[in-house]
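**Q**
Numbering (the numbering used here), first residue to last: 54 to 301.
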């Protein structure tokens, strides 16, 4: 069996002053799967203050199908400004099969989601060895649409992978019903989730928040959407991450 190898295949760093936020474009290579994983890293200001003894928070961003991992910079920059290391992951490559749009969508999309879950695990394992000043046990998974579905499946199967799950209008895979993981799901107003995706009142557990933004559209929850929607998403997200507040 091939040994999983970590390789920075490409890197381009944009750095301002020592105390400013910075970004880095990079890629990891998983030799076991012969797969490249493009990344965009957003570093917090004063990163030198992030240590083993006082770790800074870390979040993974998983893009919606057909979008780029760099299409959520409004979230990444807001989190980096709040002290997070944010890693945006490109799960879909041009060589991958197209997403299934017919039949049993959960069954048909599960292979795609599992590929994404392997990406999450590989990136976490790799970067946690490089960036030791961050709170990897407290990892936050954030995903839009298909990226939210794969993130939900990931924490459902492996609750220790992350401490918090945030989905932007995922519609296919059920949110976890466990107090082991805090859950925020920000919902659009134009499409309903499939049956069983959102918890009922009876199923809801402490630490779970379902927040719908009136008038918002599923396909606008990225950098290409209106700025007022971006602001509402960030307000809900940061409030939940800071103190568990459900709603602005």
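C-beta: ideal position from N, C-alpha, C; glycine also.
Remember, predicted model here, so these are calculated numbers, not experimental data.
#1: Would you kindly report the start and end of the unbroken alpha helix (DSSP H) that includes residue 143?
#2: In chain order, what residues of the same chain have a beta carbon less than 6 Å from the beta carbon of residue 189, not counting five sequence neighbours either side?
#3: Helix, strand or coil: how does DSSP classify residue 70 here?
#4: Identify every residue that forms a DSSP beta bridge with residue 93.
#5: Less than 8 Å between the CB atoms is what I'm expecting for residue 223 and residue 250, so what's the real figure, rounded?
#6: Using DSSP with H/G/I as helix, E/B as strand and the rest coil, what is residue 219?
#7: Would you check if there are 3 or more beta carbon pairs closer than 8 Å linking the stretch 101 to 115 to the stretch 131 to 151?
#8: If residue 129 sits next to residue 97, beta carbons under 8 Å apart, how far is it from one beta carbon to the other, in whole angstroms?
#9: Where residue 76 and residue 89 are concerned, what is the direct C-alpha to C-alpha distance, given to the nearest angstrom?
#10: Within the continuous alpha helix (DSSP H) that includes residue 284, where are the two ends?
#11: Just reading off the beta strand (DSSP E) that residue 263 is part of, what are its end residues?
#12: Between residue 341 and residue 92, is the Cβ-Cβ spacing less than 9 Å?
**A** So, from the listed chains and residues:
#1: Looking up residue 143 in the chain shown gives position 90. Looking at the DSSP string, residue 143 is not in any alpha helix (DSSP H), and its letter there is neither H nor E.
#2: The residue labelled residue 189 in the question sits at position 136 within the chain shown. So the qualifying residues of the chain are 181.
#3: On the chain shown, residue 70 is found 17 positions in, with the first residue counted as 1. Reliability fails at residue 70, whose pLDDT of 40 lies under 50, so the model's placement of it is uncertain and no value is given.
#4: Taking the chain shown and counting its residues from 1, one reaches residue 93 at position 40. Its beta-bridge partners are 78 and 141.
#5: Stepping through the chain shown from its first residue, residue 223 is reached at position 170. Stepping through the chain shown from its first residue, residue 250 is reached at position 197. At roughly 7 Å, the Cβ-Cβ gap stays under 8 Å, so residue 223 and residue 250 are in contact.
#6: Translated into positions along the chain shown, residue 219 becomes position 166. In this structure, residue 219 counts as strand in the three-state DSSP scheme.
#7: yes
#8: Stepping through the chain shown from its first residue, residue 129 is reached at position 76. Stepping through the chain shown from its first residue, residue 97 is reached at position 44. That pair is no contact at about 11 Å.
#9: For the purposes of this step, residue 76 is taken as residue 23 along the chain shown, with counting starting at 1. For the purposes of this step, residue 89 is taken as residue 36 along the chain shown, with counting starting at 1. When rounded, the distance between both Cα atoms is 19 Å.
#10: As a working note, residue 284 is residue 231 in the chain shown. Residues 280 to 296.
#11: Here residue 263 is taken as the residue at index 210 of the chain shown, counted from 1. Looking at the DSSP string, the run of the beta strand (DSSP E) that includes residue 263 is 261 to 265.
#12: The requested residue 341 does not occur in the structure, where the chain is confined to residues 54 to 301.
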